[in-house]
Amino acid sequence: MPVRKTETRIPDGFGAADLGESAVAPDGGCALVSFIAAPLVVGRANTYVVFVTDAGLAAQAQSFEWSFSENGASASTQTTSIGQCLYTPSGTGSLAVGLRILDGSNAERATLALTQTMVPPHPGLEAFIDAAKDQPGPGASNPDVSRELVNDYNPYYQAVALPTPETGDAFQQFVFSMLFEGASKRSPEERGQLIDALAQALDGSATDAFVDQMAEGVGVCSIRLPLLAMMPASGAPALPWTEIPQASAQNEFADQKLRQSFAALDESRRIDCFNLARFPKSNINQCGHILAALRDHYFAGANFTDVLTGMSGTRAFWIAMHFRQGPLITS
Amino acid sequence: MCKTTTPPHTAGQAAIRGFQPNTAAGAVIPLKSYLQKYVTQFDSHLVPATPPTLPSDVDPLAYKRVAFSILPLRSKDASPYYAGVFDDDTDFSASLLKVAALFAAGELLADAKSAAAGPANSASYNAGLKAEILANADTRIIHANLPAASPVGLYPKTANILTGTGPSADFTSNFAAKQKRMIVESDDPSAGFCIDQLGYGYISAQLIEEGFFDPATSVGMWLAGDYVQNTYVVRIPCVNDHPDDELTTSRQMCRLFSMIRLKLVPEHDLATNKLMQDLLAEPKTNGTTPWIDDSRLHGITTSFTIRLDKIGVAGLGTAQTPNVYSEGLVIEWDDDHQVDAFNARIDPGNSNPAIRLSGEFAVCWQNLMVDNLSSRFNGVVEVLNSCISDFLDQKAL
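Chains A and B, in that order, give the protein sequences. 1 is the number of the first residue of the first sequence in the numbering used here; add one for each residue after it. 332 is the number of the first residue of the second sequence in the numbering used here; add one for each residue after it.
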């Protein structure tokens with residue numbers, strides 16, 4: 001069956017639109033999600049995922065035929081055996097994305113469509129990068145990462161918000177710094193490879209491989225899946241709050257135990273956490289949620305302006321440490 | 332606990348985070364879509380219906396690959412709306428490559444102006460040029476057989492080109508006069524003089540340094556012949572001809588015209604850039620007439636004014652027949668309303684003047700067998716008129 005388990009369910013409490021730009025079938029049986037919300041940028045690859053949530057349709061689906069037509073030109077088509085496809089716009093204008101879910105005899109069982117605009121790379125950023133080349137002082141330290149964030153995820157990190165709003169934009173600044181760090185750590189291709197490996201492991205029963213692969217953070221903010229299970233945006237935590245030692249050797253062992261606990265969770269919880277971390281939009285939102293939860297736990301009462309600027313940024317430093325390696329035992 | 336405190340952000344990040352998201356305003360139908368449409372529509376005016384008789388050492392199908400490059404310009408830089416067809420074909424383009432010599436000469440003058448004041452033939456200045464050439468020129472040129480009997484070598488004969496080095500450096504009056512005839516009249520002996528003085532090595536190094544030629548793929552602009560003699564030349568393979576010595580892709584020639592027009596070459600030397608623009612400017616007094624000048628067209632007129640121009644024509648293969656025609660230009664679109672309407676589309680609030688089109692376009696076309704076409708140059712103008720007009724209007728394809 002080509003519908004992988006990871007594409008059979010949208011995370012509990014979330015809709016397709018919470019994961020990215022989406023189109024949902026009228027009967028709700030399947031949904032197409034684009035990692036990047038339009039406008040897409042010419043020359044930048046975008047990932048499309050189809051969720052087949054209707055069990056009957058999922059049982060029939062054997063392949064996926066994707067079509068991409070720019071400005072009404074004849075479409076380029078790709079057929080995939082899993083519900084995921086990559087496309088890079090070649091020109092500006094309008095992109096019509098079509099998807100046909102086919103059964104074993106190549107008969108069409110469902111269709112989904114999405115129309116997106118395509119634009120040139122962000123002109124302000126390009127001018128900034130160009131100017132920074134010849135200027136002293138702070139510049140676009142990593143132009144490739146800057147291009148990815150500004151062109152692909154700008155609406156996502158601009159929209160991230162605390163449940164209880166605070167004055168200033170310190171929270172958004174903190175989320176952006178973690179996003180920048182995560183995107184700098186691994187290229188989009190490397191992140192994609194990890195996501196594919198995890199999806200494959202979740203689809204089978206290779207627990208050991210899953211535990212090992214999970215050691216790396218997932219998605220653009222490099223989120224560790226156990227942290228996500230410990231601090232859900234809503235509902236009861238799938239994993240209890242578990243602090244682990246800071247010392248390197250002990251941390252590694254304790255983190256592995258944490259990952260094993262995650263791997264032992266109910267399959268639906270594991271898949272939901274994976275999908276929340278997989279899509280840039282939900283990944284960035286979940287990063288914000290985790291940072292807020294860590295702040296509430298360790299520095300209750302401090303707003304994010306205090307966190308970033310007070311005590312020479314010590315609290316921000318520790319929240320980032322908890323995010324990367326923890327939550328850590330602090331006593 | 333570790334007391335290291337590193338705030339998880341930098342000033343650079345703050346600037347990047349502050350950019351507003353891309354808007355759909357730039358989602359225009361690309362120029363390339365229109366170019367492809369009209370190259371197809373006017374194919375019978377671009378490609379001879381009857382295959383031309385070609386020399387045996389020329390690809391018999393290459394005549395169908397008429398190359399176009401169009402680059403809309405902004406006030407200070409090139410726009411992202413470039414379009415091309417067969418634009419990475421490295422073709423024999425004859426006299427069009429004299430612009431490469433003009434470019435190299437401009438680079439040399441700008442370089443001399445930035446050097447310490449002294450005589451043009453000073454040992455230290457020439458040693459620097461030699462090192463640059465040996466480091467950056469194409470190895471096929473560096474290792475070419477250019478004996479003392481050859482009128483051309485690797486290195487510039489600086490005393491024949493420059494009055495000296497330092498801020499007051501200029502071209503010698505003789506070089507300046509020959510350079511003018513090379514461009515304005517497309518005079519071959521004058522081009523021979525200029526190229527022979529500049530040296531193949533220096534020209535190659537400049538073309539490679541500025542990205543006009545890629546030695547790894549042999550794609551781009553190549554000038555290792557002097558329009559006068561055929562003995563001391565360096566030929567490389569190309570698409571439309573036998574291996575030859577005066578070659579370009581339309582993409583790189585278009586780019587060179589855009590950089591000249593935008594005052595980007597030579598860097599930091601506006602006076603030399605002005606000199607280059609003045610030589611290429613249209614109309615040329617006692618000079619060549621653009622191939623796509625209205626006077627050469629049949630029953631149609633251009634929707635633009637030609638600002639800069641250089642033409643090329645010469646025969647293919649060992650037999651040197653039939654001729655292929657080519658041209659590099661900067662044109663200005665006549666209908667300001669169309670340009671304004673396009674700018675209103677990509678920058679509705681006029682909040683970002685830097686991304687608005689200026690109305691000028693750098694253009695290069697090549698490998699056109701005009702002598703085998705009853706429509707002569709009409710096809711080129713039909714393509715340019717139609718595709719630029721539709722692009723500005725964003726007409727449905």
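Where a beta carbon is used, it is the ideal one built from N, C-alpha and C, also for glycine.
- Taken through DSSP and simplified to helix, strand or coil, A:A23 comes out as strand.
- Look at A:G13: its C-beta is not under 8 Å from any C-beta on chain B.
- In chain B, no part has a C-beta under 7 Å from the C-beta of A:P327; the shortest such distance is about 14 Å.
- Annotation: B:N716 to B:D545 spans about 32 Å, alpha carbon to alpha carbon.
- Here A:I244 is near A:L258, since their CB atoms are less than 8 Å apart.
- Counting only runs of at least 3 residues, the stretch 404 to 480 of chain B fully encloses the following beta strand (DSSP E) elements, listed from N- to C-terminal order: 414 to 416.
- For A:L112, the enclosing beta strand (DSSP E) has its first and last residue at 108 to 119.
- The residue among A:E70, A:Y87, A:V33 with its C-alpha nearest the C-alpha of A:Q78 is A:Y87.
- The Cβ of B:N457 sits no closer than 8 Å to any Cβ of chain A.
- Only those residues of the stretch 686 to 711 of chain B whose C-beta falls short of 7 Å from the nearest C-beta of chain A are listed: I686.
- DSSP, read as helix, strand or coil, puts B:Y486 in coil.
- In this structure, DSSP gives B:L554 an extended state, which the three-state scheme calls strand.
- Three or more beta-carbon pairs separated by less than 8 Å link the stretch 693 to 700 of chain B to the stretch 649 to 657 of chain B, which places the two stretches in contact.
- DSSP, read as helix, strand or coil, puts A:S69 in strand.
- If you look at B:R687, you'll find it isn't in any alpha helix (DSSP H); DSSP assigns it neither H nor E.
- Counting along the chain, no alpha helix (DSSP H) covers B:T579; the unbroken beta strand (DSSP E) around it starts and ends at 577 to 579.
- One Cα belongs to B:S387, the other to B:S517, and the distance between them is close to 29 Å.
- The CB of A:N154 comes closer than 8 Å to the CB of F350, Q351, P352, N353 in chain B, given here in chain order.
- Residue ranges of uninterrupted beta strand (DSSP E) with 3 or more members are absent from the stretch 495 to 537 of chain B; none lies entirely inside it.
- Look at A:L265: its C-beta is not under 8 Å from any C-beta on chain B.
- Only those residues of the stretch 45 to 69 of chain A whose C-beta falls short of 7 Å from the nearest C-beta of chain B would be listed, and there are none.
- Contact of B:Q560 with chain A by beta-carbon distance below 7 Å is absent, the smallest such distance being about 43 Å.
- In the structure shown, the three-state DSSP call for B:Q725 is coil.
- By the criterion of a C-beta distance shorter than 7 Å, B:T636 is surrounded in its chain by I662, E663, D665, once the five residues flanking it on both sides are discounted.
- Here DSSP, grouped into helix, strand and coil, assigns B:W696 to strand.
- Judged by pairs of C-beta atoms under 8 Å, the stretch 544 to 561 of chain B touches the stretch 512 to 528 of chain B, as three or more such pairs exist.
- Taking the beta carbon of A:Q158 as reference, the chain B residues within 9 Å of it are R348, Q351, P352, listed in sequence order.
- If you check each beta-carbon in the stretch 366 to 387 of chain B against every beta-carbon of chain A, none falls closer than 8 Å.
- Following the DSSP letters along the chain, one finds A:A96 inside the beta strand (DSSP E) bounded by residues 93 to 102.
- Following the DSSP letters along the chain, one finds A:C287 inside the alpha helix (DSSP H) bounded by residues 280 to 298.
- Close CB contacts of B:A650 within its chain, under the 8 Å cut and outside five residues either way in sequence, are with P386 (chain order).
- Residue burial annotation: A:F253 is exposed, with fewer than 16 other C-beta atoms found within 10 angstroms of its C-beta.
- Under the 10 Å beta carbon count, B:K407 is surrounded by fewer than 16 other beta carbons and is classified as exposed.
- At a cut-off of 8 Å, the C-beta of A:S146 has a neighbouring C-beta in chain B.
- Counting every other CB atom within 10 Å of its CB across the protein chains shown gives B:A425 a total of 16 or more, marking it as buried.
- If you draw a 10 Å sphere on the C-beta of B:K605, you find fewer than 16 other C-beta atoms in it, and that means exposed.
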